[in-house]
Amino acid sequence: MADPDFDLSLLQDVLGREVTLKDPKIGVPKPDDTSKASGKDHREPRWELLHAKAKPRNEKPKPSKSSAQTQPRHPELTGPTSLDCHALSMGDMLRKDIEFCPWTQVVDYPDRFIGKKNKPRALPFFDKIFQRQSWDFFYLHNPRDFPGAWPELFVQTNQFEDFLRAINRALDISLTIPPGVNSQKFRKRFGNGGTPRPHFMFQSDDKHTLDGVSWPAISQSDIQAFEKAPAWAQADFISTLTSKPTADTQMDKAEKAKERSRKRALHRRTMMEQTQTFLGLRDPISSDTVVFVCVDVEALEDAPRPISEIGIAILDTDRLRGIPSAASGSGWWPFIQAHHLRTKEHSSMVNSKYVQGCPDAFDFGTSEFPAKNQLVDTVYSILKPYIDQKRKMAFVAHDTPADLRYFSDMGLDILNLPGMLCEIDTKVLHQLWQDSEAGRSLSAVLSDLNFVSQNLHNAGNDAVYTMRAVVGLAIEQLRKEDAELRGELYCPTLWAGRP
């Protein structure tokens, strides 16, 4: 239940004058209110509703309904809310795809990302941040730190967004996590390559703050997981964990741009070397072979943009032993297994507004038509043999975030399936191969490799071509590096001999 005295105090902080809470429209049931008639306890109104009327003293009055129709409103912060952690125990972990926000970023947010006009209004919410929101705290140690070092403290990114959303409703403003490079400071993921993930610490309340907290020591399992992880995963873990906000005065724009470019280059290089290792093109770090699971999702163009097709291409590297890769990996193409799922309820609809769809033109097998409520089970049934065999898998797509969002909307956490090691993005691999910052379409990637393709924007076909692109990019990058070492001109294999 809300604390009326605290609500009144916070409202006075926002308004800068003494007020009393006597609005009959808030928290007072109507005469015919069914809750009153049934004898239910009357509850205080939510704190953001009480604050909804708080305005600066000099703010202009709201326009009338007729004029309000032509006035743009502040965009509402959207997105999923945080996971409920009340049942977690000390040391428990959430799914690998959950994004975490360092607590230092939450505390520093008003000074770094709120403008002069809204900062005085929003500060009271941050000053009393523990009183009106419960926070689920997670901790994570740096295995390379000195013994006894304190861990880094995190909350779910979505939980911080919940907090901003409540402020927006109360003050009619539009605070959000900043876009661009700053967004990465608030959206951190851990666990790639088997590295440690944040552990649950405690759930705060208005009496449980960070004062006097006993910090847990690093667990031996985290140390072992870090030491067993490949070098690329260790580097990624340390970079993600230890990145700290940099004051604007410490680094000029040119230096910041250089640092961002360096991190992107490291990310691309790490992903490429990881892919080459999984394909057996580099010395293996494990005797386990990897199954590449490539997906492509097509959605209808009109809102609410339901999923109409899912393509899945699978390449089991265990079957490639002793098989020559041939030109740009074309020798491995016959080992790609393709699946094409078309949502039964939407099978009669074809995209044509922005791209020309061709759901009837699957070139690598026979399409299946599961109902909408069977999509998740059908996808899982395709992957189940590898899960049952406890195989290691790598998730592949062209622009992985887009496809991961679709699967999340379906209710399938594909990155958290047993054995799933990481994600591989052909758009990122292509950027490294081309030494370019531009993200290109799948058709452009295939064209650069001189791969013949047809009937793109069929999800099944796109999944197969994306898998071919993964193999081709991994092989061509090695050829390119070898040519550069010898001081020779590099030309992609399938372009050789062409005018």
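Going by the working numbering, the first residue of the sequence shown is number 53, and it counts up by one from there.
Built from N, CA and C at the ideal position, the CB exists for glycine as well.
Would you say residue i and residue j are within 9 Å of each other, going by their C-beta atoms?
{"i": "Cys346", "j": "Thr518", "result": "yes"}
{"i": "Leu352", "j": "His398", "result": "yes"}
{"i": "Gly471", "j": "Ile434", "result": "no"}
{"i": "Leu146", "j": "Arg239", "result": "no"}
{"i": "Lys444", "j": "Val343", "result": "yes"}
{"i": "Gly27", "j": "Gly512", "result": "Not covered by the structure: residue 27. The range shown for the chain is 53 to 551."}
{"i": "Ile476", "j": "Ala449", "result": "yes"}
{"i": "Leu546", "j": "Leu501", "result": "yes"}
{"i": "Arg320", "j": "Leu481", "result": "yes"}
{"i": "Lys200", "j": "Ala277", "result": "According to the sequence displayed, residue 200 carries Gly and not Lys. Going by C-beta atoms, Gly200 is not nearer than 9 Å to Ala277."}
{"i": "Leu318", "j": "Ala526", "result": "no"}
{"i": "Phe178", "j": "Val207", "result": "no"}
{"i": "Leu293", "j": "Glu213", "result": "no"}
{"i": "His251", "j": "Tyr161", "result": "no"}
{"i": "Ala597", "j": "His391", "result": "In this structure the chain extends from 53 to 551, so residue 597 is not present and cannot be described."}
{"i": "Phe242", "j": "Phe182", "result": "no"}
{"i": "Arg173", "j": "Leu140", "result": "no"}
{"i": "Asp354", "j": "Lys424", "result": "no"}
{"i": "Val407", "j": "Met462", "result": "no"}
{"i": "Ile521", "j": "Thr478", "result": "Note that residue 521 corresponds to Ala in the displayed sequence, not to Ile. Yes, the pair counts as a contact, with Cβ atoms nearer than the cut-off."}
{"i": "Asp415", "j": "Gln506", "result": "yes"}
{"i": "Thr322", "j": "Thr341", "result": "no"}
Mind checking residue i: buried by the 16 CB within 10 Å criterion, or exposed?
{"i": "His138", "result": "exposed"}
{"i": "Asn468", "result": "exposed"}
{"i": "Ile150", "result": "buried"}
{"i": "Pro336", "result": "exposed"}
{"i": "Leu498", "result": "buried"}
{"i": "Met324", "result": "buried"}
{"i": "Asp188", "result": "buried"}
{"i": "Trp267", "result": "exposed"}
{"i": "Ala446", "result": "buried"}
{"i": "Lys168", "result": "exposed"}
{"i": "Leu216", "result": "buried"}
{"i": "Pro154", "result": "buried"}
{"i": "Arg357", "result": "exposed"}
{"i": "Gln483", "result": "buried"}
{"i": "Asp348", "result": "buried"}
{"i": "Lys436", "result": "exposed"}
{"i": "Ala535", "result": "exposed"}
{"i": "Asp163", "result": "exposed"}
Between residue i and the rest of its own chain, which residues show a CB-CB distance below 7 Å, the 5 nearest in sequence each way excluded?
{"i": "Leu530", "result": "Gln328 and Leu333"}
{"i": "Asp274", "result": "His193, Pro195 and Pro248"}
{"i": "Val265", "result": "none"}
From residue i to residue j, what does the alpha carbon distance come to, in whole angstroms?
{"i": "Ala283", "j": "Asp451", "result": "24 Å"}
{"i": "Leu393", "j": "Tyr458", "result": "14 Å"}
{"i": "Arg109", "j": "Ser226", "result": "For Arg109, the predicted structure reports a pLDDT of 35, less than 50, and the residue's modelled location is therefore unreliable. The matter cannot be settled from this model."}
{"i": "Asn170", "j": "Ala287", "result": "39 Å"}
{"i": "Glu420", "j": "Ile219", "result": "47 Å"}
{"i": "Ser186", "j": "Phe254", "result": "10 Å"}
{"i": "Arg316", "j": "Pro453", "result": "16 Å"}
{"i": "Val402", "j": "Glu361", "result": "11 Å"}
{"i": "Gly417", "j": "Cys543", "result": "33 Å"}
{"i": "Ser488", "j": "Ser495", "result": "16 Å"}
{"i": "Gly539", "j": "Ala309", "result": "30 Å"}
{"i": "Pro422", "j": "Lys396", "result": "6 Å"}
{"i": "Val431", "j": "Val504", "result": "28 Å"}
{"i": "Asn210", "j": "Leu541", "result": "49 Å"}
{"i": "Lys532", "j": "Ser313", "result": "21 Å"}
{"i": "Glu100", "j": "Arg184", "result": "Low confidence applies to Glu100: its pLDDT is 39, below 50, so where it sits in the model is not reliable enough to give any reading."}
{"i": "Phe228", "j": "Lys237", "result": "Before going on, a small fix: residue 228 reads as Thr here, not Phe. Cα to Cα, the separation comes out at about 13 Å."}
{"i": "Phe387", "j": "Glu307", "result": "46 Å"}
{"i": "Ile466", "j": "Gln426", "result": "16 Å"}
{"i": "Ser493", "j": "Ser339", "result": "34 Å"}
{"i": "Ser235", "j": "Asp197", "result": "26 Å"}
{"i": "Asp144", "j": "Ser400", "result": "46 Å"}
Excluding the five sequence neighbours on either side, which residues of its own chain have a C-beta within less than 8 Å of the C-beta of residue i, listed in chain order?
{"i": "Trp384", "result": "Leu367, Leu372, Ile375, Ser377, Ala378 and Val523"}
{"i": "Glu528", "result": "Ser380, Trp485, Leu501, Pro544 and Thr545"}
{"i": "Ser118", "result": "For Ser118, the pLDDT reaches just 39, beneath the cut-off of 50, and the residue's location in the model is therefore unreliable, leaving the point undetermined."}
Can you list, in chain order, the residues of its chain with a C-beta nearer than 6 Å to that of residue i? Leave out the 5 residues immediately preceding and following it.
{"i": "Glu350", "result": "Ser360, Glu361 and Ala511"}
{"i": "Gly246", "result": "Ala277 and Ala281"}
{"i": "Asn244", "result": "Ala285, Asp288 and Cys474"}
{"i": "Gln326", "result": "Trp284"}
{"i": "Ile557", "result": "Here the chain comprises residues numbered 53 to 551, so residue 557 is not present and cannot be evaluated."}
{"i": "Asp455", "result": "Val347, Val349 and Ala449"}
Determine, using beta carbons only, whether residue i comes closer than 9 Å to chain B.
{"i": "Gln529", "result": "As a matter of chain content, chain B is missing from the structure shown, which is built from one protein chain."}
Flag residue i as yes when its Cβ comes closer than 8 Å to any non-hydrogen atom of the ligand SAH, and as no otherwise.
{"i": "Phe165", "result": "For the structure depicted, the ligand SAH is absent and the ligand set is empty, with no information on it obtainable."}
Quick one: complete beta strand (DSSP E) runs, 3+ long, within the region 410–498?
444–449 and 472–477
Those runs of the beta strand (DSSP E) which lie wholly inside the region 203–230 and span at least 3 residues:
204–208
Hey, which unbroken runs of the alpha helix (DSSP H) at 4 residues or more fall wholly within the region 307–366?
none
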